[in-house]
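Trainee:
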Amino acid sequence: MNNEKTQKENEKRTIRVGPLARVEGEGALHLVMTGRRVQEVRLEIFEPPRFYEAFLQGRDFMEAPDITARICGICPIAYQTASCYALEKAMGVFDEMDPPIQKLRDLIYCGEWIESHVLHMFMLHLPDFLGYESSISMARDHGGIVKRALRIKKAGNAIVELLGGRSVHPVGMCVGGFYACPEPEDVAMLLTEIEVCLADMKDLALFLAQAVDYPDFKQDYEFVALCPDDEYPMNLGRIKSNRGLDVDQETFGEAVEERQVAYSTALFSAIKGRGAYLVGPLARLNLNHEKLHPVAADLLKEVCAALGKDLPWNNSFLSLPARAVETVHALALAADILKSYEVPSRCRIPITPRAGYGGHGTEAPRGLCWHDYRTRDDGTISFARIMPPTAQNQMCIEKDLYEIAKQVVDLNDMEAAMRCEHLIRNYDPCISCSVHFLKFERTWRKGWDKPR
Amino acid sequence: MTPIDAKIYEKLRLAVYKFSSCDGCQLSILNLEDELLDLVNTIEVAFFLEARRQVLPPPYDLGLVEGSISTPDEEERIQQVRRDCKFLVVIGACATSGGIQALRNWTDVEVYKRMVYPEPAFLKTLETSTGIASHVFVDFELRGCPINKDQVLELVTALLIGRKPNIPTHSVCVECKRQGYACVLVSKGEPCLGPITQTGCGALCPGLSRPCYGCFGPMEQPNIFSLAGRFEGLGFAPGDIKRMLRTFNGYLEPFKQASDYYEQREDPEGE
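Protein chains in written order, with numbering that gives the first Met the number 0: chain D, 0 to 451; chain R, 0 to 270.
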C-alpha cells in the first residue's frame, strides 16, 4: 500500500498541448510534474523565423512601415507606427509633426485597439471563462453577446479602413504622416456608428465585470508601459514601470537585455539587473488609469466595484476587464477625434533622406512594440532591431505558468492543460510577431531569477 | 477545377492551416463580421486553430492554407495537409509566392541567421521560403497580402453551389479606372505597379494617391519591361526597380525573372 503511494508520488507526468488554439501564431505548452511537484514549465514557440531585421537592411526607409506591418496581421498599426516614429527621429522630423497628423495616428491606433481587443476578448478569451471551446460554440448560448461584439469589432476595422484602406496591412500611413487624409463626409458617417458602439461596449464591459468569475491569482509583476504626461498611452511618452524604470524612448534598448538560457535557443527580453516584466493592457491601466478618457474613467469605477477589486490589478486574468475598459477608452477617444476632424493643411511632412538613428515604441494592443533603426545618407536602412510585445511578456507568462501549475497538480491532465492554456491566453500572445522567437528548452541556472 | 458537390455532404468541412506567415489572411476570414455566424452555421469548421480548440478528424472538403514553406517540419506537414484535404486552396502572398520572407532566397540564409540570432546553429530553417505549389498540387489560389475577405466568401459560396469562383485576374489599372481615380503614374510621375499587378485589393493605394506596390502579385501576362522602361525614364535606377519587384510576391514569376534581370543591370560585372 505504502509502496504504491510512493510510486504515485514519484510518478512523472508530462502534459503537452500543441499547437495551442485561439492564439495568433504557433506555440505549445509543456509541463512536467513529478507527483505533486512541478518540475518544468515551458511555453514553446515554434513559429518559424522570418528574418525581418536582416532583410530590412538595404531597403529604403519609406518601405519600412509597409514591410514591418507584415510581421503581424493582427496588429499591423503597432508596427507601422513604431517604424514611422523611429524613422521620423532618424530623419530629424519627429519634433515637427503637425498636431492634426498626430491625432490621425491616434485615431487609426484606436481602430486597431478596438478590433484586436474585441477579437481577443470575445472570440479567443471569453470562451475560457464561460467554459466553451470556441466562440462558435459560445454563440449557440450567447449569440447576442457575440453579435454585438462582432459589430464593435467591425467598427474598429472601419476606423483603420478610413485611414488605411483596409484593416489588415493598411496602406495609408507613411514616414512623415499619411499618404492621404479622409473626407469629412466619410468621417461623419463613421462617427454615428462609433457612438452606437461606444454605448454598447460600455454595456459589454459591465457584463464582463459582473457575469464572469475571475480566478484568484496574484503575482508581483513589474509593469512597463508608455507614460505620457497628459494622455492615456498609445503613440508617445516616456517608458516607465512601477519599480522605477523611467527612460526616454531612445534609451529603452539599453535598459533591457535579451537573455539566453543555457541549453536554450530563446531570446527573451528582461530588464537589466531585475528580470521579467509585463507589458500590455494591465500595465497600461495600472500605470495610467488616471489619464483615461472621462467616459472610460467613469466606467472603470463601476467595473472595479462590480469586481470588488481596486487597482492595481496584480492578476493576469483581469486583463479581460482591462481590455474592456481600454476598448471603451479607444471608442470614446475615436469619437472625439472624429467629431473635431477638419481636413489638415497637409497630410505629411516632407523629408530629405539623411543618415541617422531613431528608436521608438508604441502600445500595441498586447503591449509595447519597440523598434530602432540606423539609416545611411541615401535613406537606406543599415540596421534594424524590433522588440515585439510577446517576446517581452514571455518570461512573465512562464512565471505565471509555474504558479498556476502548482495549483493544478491535483487535476487530470486535460483540466490542468485547460487551466494553463487559459492563463497563456490572458496575455493575448501574438506568436506570429516572433521576429526572434524560437522553440526552446529551459533549464534554470543559479543566479537567474528563477520563479518561486 | 472540380467543384465540390455540396449535395453529397451534410455540411462542407473546412480546415484552415497556418505555415510561415503573419496570421493576417486567417484574420481576414474572421473579419467577415457580417457573414461569420451564417458561415459557421452553413459549413463545419473542422480545423481552425486560431478560432477554435475543437479539432475534428480529417478528411476535410476544403483546406485553406496560409503561409509559406520555410522549415523542414513545414515541408513534411504540407504533405499530410494535402492528403487530408480534397480541395486545397492557398491563400495570400506567403502561400502563393513564398512571401516577404522569400527575400532570403536571394542570399545565403546563414548570413541572415547570424544577423538576427546569436546562436544561429539552433535554427531549423530551409535555405528558401517557397509557395505551397512548389511542394504539393494546389487546386486554386487567392492572391494578396493580405487576401481580400470578399474573395474568400466568393470562393466558399462558389464551392457550395458547385460553380467556378469568379476571381478576376486582370490588372489593378482596370479597377482604378472604374473607381475614377487619377492615374498616379501619368499625373504624378510616381512608380505605380498597378499596370502589372493583379486586381483584388480594390485599387486601394491609388485611391489614397500613392503608387501600387504590388501586394497581389503579377497579373496574367504582365509587360514588366515596358513599365520598368517607363520608370527608368522617370529617373529610377535598375536597383530601385529590382527592389520594387522584390517585396511580398517577389519570388513569384515573372516578378522574379524581371527582378533578376534588373539585379544584373544594377551590377553588370557580377559579384
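From the three backbone atoms N, C-alpha and C, an ideal C-beta is built for every residue, glycine too.
Quantities reported herein were computed from a predicted structural model and do not represent experimental measurements.
For cysteine 271/R and valine 151/R, I'd like the C-alpha separation in whole angstroms.
Mentor: Residue 271/R falls outside the range modelled here, since chain R spans only 0 to 270, and no answer is possible.
Trainee: Nearest to leucine 129/D by alpha carbon, out of Phe206/D, Glu192/D and Val174/D?
Mentor: Nearest option by C-alpha distance: Phe206/D.
Trainee: So, under 8 Å CB-CB, phenylalanine 121/D and isoleucine 144/D are touching, yes? Tell me the CB distance rounded to an integer number of Å.
Mentor: Between isoleucine 144/D and phenylalanine 121/D the Cβ distance is about 7 Å, and since that is below 8 Å, they are a contact.
Trainee: Go ahead and label glycine 155/D buried or exposed: buried means 16 or more other beta carbons lie within 10 angstroms of its beta carbon, across all protein chains shown.
Mentor: buried
Trainee: Return the residue from the list Asn287/D, Ala198/D, Phe216/D and Arg35/D that minimises the CA-CA distance to glutamate 230/D.
Mentor: Asn287/D
Trainee: Using 9 Å as the threshold, is the C-beta distance between arginine 21/D and arginine 418/D below it?
Mentor: No. Outside cutoff.
Trainee: On the three-state DSSP scale, how would you describe isoleucine 90/R?
Mentor: Assigned with DSSP and collapsed to three states, isoleucine 90/R falls in strand.
Trainee: Could you check where the beta strand (DSSP E) with valine 39/R kicks off and where it finishes?
Mentor: It is not in any beta strand (DSSP E) - valine 39/R instead sits in the alpha helix (DSSP H) that spans 35-41.
Trainee: For aspartate 138/R, collect the residues of the same chain with a Cβ closer than 7 Å to its Cβ; drop the 5 residues on either side in sequence, then sort them by chain order.
Mentor: Met0, Phe86, Leu87 and Val88
Trainee: Mapping DSSP to helix, strand and coil, what is threonine 67/D?
Mentor: DSSP places threonine 67/D in helix when its eight states are reduced to three.
Trainee: Measure the alpha-carbon distance for isoleucine 385/D versus glycine 358/D and round it to whole angstroms.
Mentor: Between the C-alpha atoms of isoleucine 385/D and glycine 358/D there is a straight-line separation of about 10 Å.
Trainee: Taking contact to mean at least 3 C-beta pairs separated by less than 8 Å, is the segment 387-398 of chain D in contact with the segment 106-118 of chain D?
Mentor: no
Trainee: What is the DSSP secondary structure of threonine 168/R, reduced to helix, strand or coil?
Mentor: coil
Trainee: Report all residues from its chain with a CB closer than 8 Å to the CB of leucine 197/D; omit the five preceding and five following residues, and keep chain order.
Mentor: Val294, Val327, Leu330, Ala331 and Ala334.
Trainee: For the segment 50-66 of chain D and the segment 113-132 of chain R, state whether three or more C-beta atom pairs, one from each stretch, are separated by less than 8 Å.
Mentor: yes
Trainee: With 9 Å set as the bound, which would you pick, yes or no: does the beta-carbon of alanine 14/R sit closer than that to a beta-carbon of chain D?
Mentor: No, alanine 14/R does not count as interfacial toward chain D.
Trainee: Applying the 10 Å Cβ sphere with the 16-neighbour rule, what's the burial state of valine 342/D?
Mentor: exposed
Trainee: Out of curiosity, what's the CA-to-CA distance linking threonine 361/D and valine 302/D?
Mentor: 26 Å
Trainee: Just to confirm my understanding: we take serine 19/R, look at its own chain, exclude 5 residues before and 5 after, and list those with CB closer than 8 Å. What are they?
Mentor: Gly66, Ser67, Ile68, Ser69, Thr70, Glu73, Cys93, Gly98, Gln100 and Ser128
Trainee: Go ahead and pull the three-state DSSP assignment for leucine 400/D.
Mentor: DSSP places leucine 400/D in helix when its eight states are reduced to three.
Trainee: Sort Ile380/D, Cys429/D and Ala390/D by Cα distance to glutamine 56/D and report the nearest one.
Mentor: When each option's Cα is compared against that of glutamine 56/D, the closest is Ile380/D.
Trainee: Ends of the beta strand (DSSP E) at isoleucine 14/D?
Mentor: 11-16
Trainee: Where proline 194/R and serine 170/R are concerned, what is the direct C-alpha to C-alpha distance, given to the nearest angstrom?
Mentor: Between the alpha carbons of proline 194/R and serine 170/R lies a gap of roughly 6 Å.
Trainee: Give the residues from the segment 56-78 of chain D that approach chain R closer than 9 Å (Cβ to any Cβ), ordered along the chain.
Mentor: From the segment 56-78 of chain D, only Gln56, Gly57, Arg58, Asp59, Glu62, Asp65, Ile66, Ala68, Arg69, Ile70, Cys71, Gly72, Ile73 and Pro75 have a Cβ closer than 9 Å to chain R.
Trainee: Return the Cβ separation of asparagine 285/D and leucine 306/D in integer angstroms, given the expectation that the two are a contact with Cβ distance under 8 Å.
Mentor: With a Cβ gap of about 14 Å, asparagine 285/D and leucine 306/D do not count as contacting.
Trainee: Measure the C-alpha to C-alpha separation of threonine 67/D and asparagine 9/D and round it to an integer number of angstroms.
Mentor: Their Cα atoms are separated by approximately 49 Å.
Trainee: Mind listing the chain R neighbours of isoleucine 135/D? Cutoff is C-beta to C-beta under 8 Å, in chain order.
Mentor: The answer, in chain order, is Val39, Val44, Ala50 and Arg51.
Trainee: When the Cα atoms are used, what is the spatial distance from lysine 163/R to glutamate 325/D?
Mentor: 44 Å
Trainee: Anything in chain D within Cβ reach of cysteine 84/R, meaning under 7 Å, just list it in chain order.
Mentor: Ordered by position in chain D, no residue passes the 7 Å Cβ test against cysteine 84/R, which lies about 18 Å from the chain.
Trainee: Can you list, in chain order, the residues of the segment 97-111 of chain R whose Cβ is nearer than 7 Å to any Cβ on chain D?
Mentor: Listed by position, the residues of the segment 97-111 of chain R near chain D (Cβ gap below 7 Å) are Ile99, Gln100, Leu102, Arg103 and Tyr111.
Trainee: Check whether the Cβ of arginine 365/D sits closer than 8 Å to any heavy atom of the ligand MG, and report yes or no.
Mentor: Among the ligands in the structure shown, none appear at all, so the ligand MG cannot be discussed.
Trainee: Identify which residue in Asp37/R, Ala257/R and Cys175/R has its Cα closest to the Cα of arginine 209/R.
Mentor: Distances from the alpha-carbon of arginine 209/R to those of Asp37/R, Ala257/R and Cys175/R put Cys175/R closest.
Trainee: For the segment 162-180 of chain D against the segment 84-100 of chain D, are there 3 or more C-beta pairs whose distance is under 8 Å?
Mentor: yes
Trainee: Is methionine 122/D helix, strand or coil by DSSP?
Mentor: helix
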